[in-house]
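Per numbering that gives the first Met the number 0, the very first residue in the sequence shown carries number 0; after that it's consecutive.
Built from N, CA and C at the ideal position, the CB exists for glycine as well.
Please read all numbers here as calculations on a predicted model, not as lab measurements.
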Amino acid sequence: MEHTTTLTQHIKASPEKVWAVISDIPGSAATLTGIDSVQMLSEGPYGEGTRWKETRTMMGRQETVEMWVAEADPPRSTTVKALQGGAAYTTRFSLAGRDAGTDLTLTFGAEVLKPTLLSKVGMALFGKIGLSITRKALGKDLAEIAAKAESL
């Protein structure tokens, strides 16, 4: 059982500038108000295998999730994955130059790995609400990424 949502934001900055913002994991807590803190678990530049712990507050609850870069193709796309509470999360950023700027498309997917009857009922009841809250948070992230990239 998978839930996916896609949002696109046009940013008045080059793909390289947008890439600089989305690949700056140590600086992401300063860029994105939704992130409380970031703890790097690997060294070196952003790329496949980069790992970190990200702490966010959602619906009044603080959660820390370990994330890693599954794929990086600068400055065109990157895929970040996370496992949390029996679910696999995938976030893909795709960058496309357009009108002297960049279309940044974010696709977020959540998949329950071992669905139980309870998790199926929960997804049926709360999936749409959760997705709507997630979409709002992701939209805010995109707007903040845009603001940062446009200020570079």
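{"query": "C-beta atoms of H9 and G85 nearer than 7 Å", "result": "no"}
{"query": "Proximity winner among K11, E70, L103, relative to L151 (alpha-carbon distances)", "result": "K11"}
{"query": "When G138, T3, P114, T90 are compared against S22, the one with the closest alpha-carbon", "result": "T90"}
{"query": "Under the three-state DSSP convention, the category S131 falls into", "result": "helix"}
{"query": "Distance, P114 Cα to K16 Cα", "result": "40 Å"}
{"query": "Runs of beta strand (DSSP E) wholly within the stretch 24 to 68 (minimum 3 residues, chain order)", "result": "34 to 39, 50 to 57"}
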